[in-house]
Amino acid sequence: MTKASEYRQMSDEQLTHELRQLIEELFRLTVQAATERLDAPSNLRKIRRECEGQDDPA
Numbered sequence: 195m196t197k198a199s200e201y202r203q204m205s206d207e208q209l210t211h212e213l214r215q216l217i218e219e220l221f222r223l224t225v226q227a228a229t230e231r232l233d234a235p236s237n238l239r240k241i242r243r244e245c246e247g248q249d250d251p252a
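Take the position in the sequence shown, starting the count at 1, then add 194; the result is the number in the working numbering.
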């Protein structure tokens with residue numbers, strides 16, 4: 195998990211890019227959870243929590 199201090203040092207573009215990557219990873223894990231067994235179900239929770247801490251880029 196990325197620390198808050200690291201997020202504070204990022205530019206708006208970097209934050210938007212990071213959030214998009216997290217959303218893509220969350221989508222991939224959600225699809226994987228629905229179609230097959232996850233290797234580490236805690237990864238889904240971890241990515242979801244990271245996304246919650248950021249604003250929507252739209």
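Quick reminder that beta carbons are idealized off the backbone N, C-alpha and C, glycines included. Note that the coordinates shown come from a computational prediction; the quantities given were computed from them, not determined experimentally.
Task: Cα-Cα separation, Glu246 to Leu213 - done: 10 Å
Task: Pair within 7 Å by beta-carbon distance, Thr216 and Glu244 - done: Thr is not the amino acid found at residue 216; the sequence shown has Leu there. Yes, Cβ-Cβ distance for Leu216 and Glu244 is below 7 Å.
- [ ] Would you please state the rounded distance, in angstroms, between the beta carbons of Ala228 and Leu238? I believe it to be under 8 Å.
- [x] Contact doesn't hold; Cβ gap of about 11 Å is too wide.
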